[in-house]
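J.: The numbers in the sequence shown follow my numbering, run straight up by one, and end at 329. Ideal placement from N, C-alpha and C gives every residue a C-beta, glycine not left out. Since this is a predicted model, take the numbers as computed values, not measurements. For reference, the structure I am asking about is given below.
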Amino acid sequence: MKASSELAPGSPPRSAEEKPLRLKWHQKKGFRDELSAYLFLGPYLILFSMFIVVPVLAAIGLSFTYFNTVQAPEFIGLQNYVNLLTQDSEFMMYVLPNTIKFALLVGPGGYILSFWLAWLLAQIPRKSRTLLALALYSPSLTAAVAMAVVWLTVFSGDSTGYLNAFLIDWGFINEPIQWTQSPHYLMPIMIAVTLWNSMGVGFLAMLAGILNVNPEMYEAGYIDGIQNRLQEVWYITIPSMKPQMLFGAVMAIVGTFQGGEIGVQLSGANPTPQYAGQLLINHIADYGFIRYDMGYASAVSVVLLLVIYGFTKLSWRLFGEKE
Numbered sequence: 007m008k009a010s011s012e013l014a015p016g017s018p019p020r021s022a023e024e025k026p027l028r029l030k031w032h033q034k035k036g037f038r039d040e041l042s043a044y045l046f047l048g049p050y051l052i053l054f055s056m057f058i059v060v061p062v063l064a065a066i067g068l069s070f071t072y073f074n075t076v077q078a079p080e081f082i083g084l085q086n087y088v089n090l091l092t093q094d095s096e097f098m099m100y101v102l103p104n105t106i107k108f109a110l111l112v113g114p115g116g117y118i119l120s121f122w123l124a125w126l127l128a129q130i131p132r133k134s135r136t137l138l139a140l141a142l143y144s145p146s147l148t149a150a151v152a153m154a155v156v157w158l159t160v161f162s163g164d165s166t167g168y169l170n171a172f173l174i175d176w177g178f179i180n181e182p183i184q185w186t187q188s189p190h191y192l193m194p195i196m197i198a199v200t201l202w203n204s205m206g207v208g209f210l211a212m213l214a215g216i217l218n219v220n221p222e223m224y225e226a227g228y229i230d231g232i233q234n235r236l237q238e239v240w241y242i243t244i245p246s247m248k249p250q251m252l253f254g255a256v257m258a259i260v261g262t263f264q265g266g267e268i269g270v271q272l273s274g275a276n277p278t279p280q281y282a283g284q285l286l287i288n289h290i291a292d293y294g295f296i297r298y299d300m301g302y303a304s305a306v307s308v309v310l311l312l313v314i315y316g317f318t319k320l321s322w323r324l325f326g327e328k329e
């Protein structure tokens, strides 16, 4: 008599009988894991869809319409984009050149400045580094307050403004200069103030990335032929903190195009005096909330979205992980 553990002749192997059951069990377990993950992601996905995806799709849809916020949107196809490129003289003569100039100076300038200051802070003791990092980071937290209290007082157009008072006392000028109302000075002031506010979370990410580089890599680098600190930064520090460099680049891009409102805050007018500080984001606010041409403003916002997307893709190519 055969043992009970043995199979009868002609019966399929036990592994063949258990395989479908195991497969079903794994499929069921995988479904449960995926369902749990989606339940945890649910609140974020809902909020992201409501406040990001839906508004972006709505803006793209409205960009093909004439919409004055009173009447129902009227579909006009690509007319808004045609008008933007062929009939909007302010856009081609002032807004686009100003945006390019502002972006090229503030974006790379603020990015390089953030990395340089983060590298300098990483070379000093911890307590001093913490205090200086907080001092550099705090302007990005108090930008609106600083704008109203500090910079408008510094660049005030009367003789009591700090800059005018200093220049008059030292004999450089005889009468006050309208700094924020002058087309010659508004853009340089915008760039200087934006750079002052640019030490945000991207700066902190770079500082953390530099501090987390393994010191043994520097020792190995000097053994392999690195001769100075510049080569150390180029061949070891930057390649070792590419995720932080990428995050800092994306934040610099977003901050650069968001910082365009600073011209309106300084001058107190939109459009800015003689369009000297008019950027894409100001152009959107001008048409959307002053002229109430939401369709045209949506078309400009889509152009801004494409510009930011292009710069972000460039950042990914430079600092993204290569597969």
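1) What does the alpha-carbon distance come out to for the pair ILE296 and MET247?
2) Using a Cβ-Cβ cut-off of 6 Å (strictly less than) and excluding sequence neighbours within five positions of SER17, which residues of its own chain qualify?
3) Taking the alpha carbon of LEU236 as the reference point, which residue from MET212, PRO61, ILE244 has its own alpha carbon closest?
4) Rounded to whole angstroms, what's the CA-CA distance from VAL1 to VAL62? Just pull it up for me.
5) Compute the distance between the beta-carbons of ASN104 and ALA305, then report whether it is under 8 Å.
6) If you run the structure through DSSP and keep just helix, strand and coil, what is PHE81?
7) Relative to the alpha-carbon of PHE73, which residue among PHE317, TRP322, TYR298 has its alpha-carbon at the smallest distance?
8) List the whole-angstrom C-beta distance separating LEU169 from PHE161, where the pair is believed to meet the contact cut-off of C-beta under 8 Å.
9) Put TYR298 into one of helix, strand or coil per three-state DSSP.
10) Could you give the first and the last residue of the continuous alpha helix (DSSP H) run that contains LEU102?
11) Should the stretch 267-284 be called in touch with the stretch 184-196, which here means at least 3 C-beta pairs below 8 Å?
12) Let's test the definition: count the other Cβ atoms within 10 Å of the Cβ of LEU324 and tell me whether it reaches 16, buried, or not, exposed.
13) Closer than 8 Å by C-beta to ILE259: which residues in its own chain qualify, once you throw out the five before and the five after it? Chain order, please.
14) Taking ILE261 as the reference, give the member of GLY116, MET99, GLY67 with the closest Cα.
15) What does THR71 pair with, by DSSP beta-bridge criteria?
16) Starting from the C-beta of LEU310, find all residues in its chain whose C-beta is less than 6 Å away, skip the five residues before and the five after it, and write them out in chain order.
17) In angstroms, rounded to a whole number, what distance separates the CA positions of VAL256 and PHE209?
18) Closer than 7 Å by C-beta to ASP292: which residues in its own chain qualify, once you throw out the five before and the five after it? Chain order, please.
19) So for PRO182, helix, strand or coil by DSSP?
20) Looking at the structure shown, is PRO189 part of a helix, part of a strand, or coil, going by DSSP?
21) Less than 8 Å between the CB atoms is what I'm expecting for TYR301 and LEU90, so what's the real figure, rounded?
22) Return the chain-ordered list of same chain residues with a C-beta closer than 7 Å to the C-beta of SER11, the five sequence neighbours on each side being excluded.
23) Is ASP164 helix, strand or coil when you go by DSSP?
24) Flag this pair as yes or no: are the beta carbons of MET196 and LEU272 separated by less than 8 Å?
25) List the endpoints of the continuous alpha helix (DSSP H) containing THR136.
26) In the DSSP assignment, the alpha helix (DSSP H) including GLY231 goes from what residue to what residue?
27) Compare the beta carbon distance of GLY125 and VAL219 with 8 Å and say whether it is the shorter of the two.
28) Compute the Euclidean distance between the alpha carbons of GLY274 and GLU267, then round it to the nearest angstrom.
29) Output yes or no for whether 8 Å exceeds the beta carbon distance between ILE66 and VAL308.
30) What's the C-alpha gap between VAL60 and PHE54?
31) If distances are taken between C-alpha atoms only, which option among VAL101, PHE46, TYR228, GLU40 comes closest to ILE290?
T.: The structure says:
1) Separation of ILE296 and MET247 (C-alpha to C-alpha, rounded to the nearest whole angstrom) is 44 Å.
2) Any reading at SER17 must be qualified, since the residue scores a pLDDT of 49, below 50, and its modelled position is unreliable; no value is offered.
3) Sorting MET212, PRO61, ILE244 by C-alpha distance to the C-alpha of LEU236 places ILE244 at the top.
4) An answer regarding residue 1 cannot be provided, because it is not within the stretch 7 to 329 covered by the chain.
5) The Cβ atoms of ASN104 and ALA305 lie no closer than 8 Å to each other.
6) Correct three-state label for PHE81: strand.
7) For PHE73, the nearest C-alpha among the options comes from TYR298.
8) That belief holds up - the Cβ atoms of LEU169 and PHE161 are roughly 6 Å apart, short of 8 Å.
9) The answer is coil: DSSP assigns TYR298 none of H, G, I, E or B.
10) Counted as a single uninterrupted DSSP element, the alpha helix (DSSP H) harbouring LEU102 occupies residues 102-127.
11) A contact between stretches requires three or more CB pairs, one per stretch, nearer than 8 Å, and the stretch 267-284 meets this requirement with the stretch 184-196.
12) Counting Cβ neighbours within 10 Å, LEU324 comes out exposed, since fewer than 16 surround it.
13) Excluding sequence neighbours, ILE259 sits near GLY113, ILE314, PHE317, THR318, SER321.
14) Reading off the sequence, residue 261 comes out as Gly, not Ile. Selected option, being the one with the closest Cα: GLY116.
15) DSSP output for THR71 lists PHE81 as bridge partner(s).
16) Within the same chain, Cβ atoms closer than 6 Å to the Cβ of LEU310 are found at LEU286, the five residues on either side in sequence being excluded.
17) For VAL256 and PHE209, the distance between alpha carbons rounds to 12 Å.
18) A distance below 7 Å between beta-carbons, with the five flanking residues on each side excluded, links ASP292 to the following residues of its chain, in chain order: ASN276, PRO277.
19) In the three-state DSSP reduction, PRO182 falls in the coil class, being neither helix nor strand.
20) In the structure shown, PRO189 adopts coil according to DSSP, grouped into three states.
21) Reading off the sequence shown, one finds Gly at residue 301, where the question assumed Tyr. The pair is not a contact, with the Cβ atoms about 11 Å apart (cut-off 8 Å).
22) Because the pLDDT of SER11 is 46, which lies under 50, any placement of that residue in the model is unreliable, and the question is left without a value.
23) Coil.
24) A contact, by the Cβ cut-off of 8 Å.
25) Per DSSP, THR136 belongs to the alpha helix (DSSP H) from 132-147.
26) Counting along the chain, GLY231 sits inside no alpha helix (DSSP H), nor does DSSP assign it H or E at all.
27) Rather than Gly, the amino acid found at residue 125 in this sequence is Trp. For TRP125 and VAL219, no; Cβs fall outside 8 Å.
28) For GLY274 and GLU267, the distance between alpha carbons rounds to 10 Å.
29) ILE66 is a Cβ neighbour of VAL308, given a cutoff of 8 Å.
30) Roughly 9 Å between the two C-alpha positions.
31) Closest by alpha carbon: VAL101.
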